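The sequence shown begins at 64 in the numbering used here and counts up one residue at a time. Before any comments, here is the structure.
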Amino acid sequence: MSNSQKVENVLNGLGKTGIIPVVVLNNAGNARPLGRALMEGGLPAAEVTFRTDAAEESIRILSEEYPEMLVGAGTVLTVDQVDRAVGAGAKFIVSPGFDPEIVKYCLSKDIPVCPGTQTPSEMIAAMKLGIDHLKFFPAEQSGGLQMIKAVTAALTGVKIMPTGGINADNASDYLKSDKVFCVGGSWMVKSSFINAGDFETIRKKTEEAAAIVKMARA
Ligand code: 3PG
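Here it is, written out as structure tokens:
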């Protein structure tokens with residue numbers, strides 16, 4: 064399989080999953096039960112944010128324990144974090160903003176990357192580097208679906224991953240847009256659930272989220 068095919072497969076996998084749980088893990092010991100809850104709930108993907116010291120180890124545990132899971136790294140702000148994330152098994156990189164250095168680095172290594180963009184100018188700059196799957200962050204606060212529809216009417220080639228302020232009530236509207244390839248959200252994997260060890264709630268909310276994807280695309 065060519066490298067570009069591998070990148071495409073990952074992006075397709077994100078699209079197929081539909082809702083990507085955005086996770087903050089303070090303790091890598093929670094990675095395994097979290098992974099189980101996501102797998103059983105029907106969302107076999109996770110964006111593990113580099114906001115804690117446990118991120119790298121959590122990515123390693125999730126990737127090893129659940130090889131069929133699409134595990135990526137979020138809140139990636141440096142090239143060093145890209146290396147650490149991919150070394151631990153991350154299959155994709157997400158960033159809250161658009162940093163050409165990170166995007167170029169990922170492209171040079173055939174690592175799927177979704178940089179955060181908010182304006183047409185940022186999207187155009189990202190597209191110029193050769194990518195068309197872009198995160199829109201923070202989605203709700205930046206104009207939500209109306210903004211996505213307005214911008215993509217002009218930038219017809221882009222596919223958007225809105226993240227920020229998305230929840231069980233509004234995810235479906237986003238997913239119904241053909242400009243949206245997946246959404247990111249933390250509502251099913253809130254830190255309060257993880258830190259309390261309440262993986263049953265995570266499993267249930269993940270199951271509900273997976274049902275939202277199914278219904279939105281029916
Ligand atoms: C984040 O950066 O935490 C993600 O964008 C998730 O946002 P959310 O917590 O509003 O879902």
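We put the beta carbon where it would ideally sit given N, CA and C, even for glycine. These numbers come from a predicted model, not from an experiment.
Start-to-end residues for the beta strand (DSSP E) that takes in residue i
i: Lys-198; result: 196-199
i: Lys-239; result: Element bounds for Lys-239: n/a, residue is neither H nor E.
i: Gly-247; result: 246-248
i: Leu-133; result: 133-137
Residues of its chain near residue i, where Cβ-Cβ distance is below 7 Å and the 5 sequence neighbours each way are ignored
i: Leu-208; result: Asp-236, Tyr-237 and Ser-240
i: Asn-90; result: Ala-117
i: Pro-159; result: Thr-138, Gly-179 and Phe-200
Contacts around residue i, its chain only, beta-carbon distance under 6 Å, and the 5 residues preceding and following it disregarded
i: Ala-151; result: Glu-119, Ile-122 and Arg-123
Exposure of residue i, with buried meaning 16 or more beta-carbon neighbours within 10 Å
i: Gly-299; result: Given that the chain is displayed from residue 64 to residue 281, the structure contains no residue 299 and the question cannot be resolved.
i: Gln-68; result: exposed
i: Gln-204; result: exposed
i: Ser-249; result: buried
i: Thr-269; result: buried
i: Met-64; result: exposed
i: Gly-104; result: buried
i: Met-278; result: exposed
i: Gly-81; result: buried
i: Arg-280; result: exposed
Rounded Cβ spacing between residue i and residue j (contact assumed at less than 8 Å)
i: Val-157; j: Val-166; result: Contact doesn't hold; Cβ gap of about 12 Å is too wide.
i: Ala-231; j: Ala-188; result: Not a contact, Cβ separation roughly 33 Å.
i: Lys-242; j: Thr-215; result: 4 Å
i: Phe-244; j: Leu-77; result: 7 Å
i: Ala-136; j: Phe-113; result: 6 Å
i: Ser-257; j: Leu-106; result: Strictly speaking, residue 257 in this sequence is Ile, with Ser absent from that position. Actually they do not touch by this definition, with Cβ atoms about 15 Å apart.
i: Lys-253; j: Met-224; result: Not really, about 20 Å apart at Cβ, beyond 8 Å.
9 Å Cβ cutoff met for residue i and residue j
i: Phe-262; j: Leu-97; result: yes
i: Thr-226; j: Gly-247; result: yes
i: Asp-195; j: Asn-66; result: no
i: Pro-130; j: Met-251; result: no
i: Val-142; j: Met-186; result: no
i: Ile-275; j: Ala-234; result: yes
i: Leu-218; j: Met-190; result: yes
Residue range of the unbroken alpha helix (DSSP H) whose run includes residue i
i: Lys-277; result: 262-279
i: Gly-152; result: Unbroken run through Gly-152: none, as it is neither H nor E.
i: Thr-80; result: 66-80
i: Val-214; result: 207-217
i: Gly-98; result: 94-104
i: Ala-259; result: Counting along the chain, Ala-259 falls outside any alpha helix (DSSP H), and DSSP gives it neither H nor E.
i: Ala-118; result: 118-128
i: Met-186; result: 183-191
Cutoff 8 Å; reference residue i; Cβ partners in own chain excluding five residues on either side
i: Val-134; result: Ala-108, Ala-109, Val-111, Ile-122, Leu-125, Ser-126, Gly-152, Ala-153 and Lys-154
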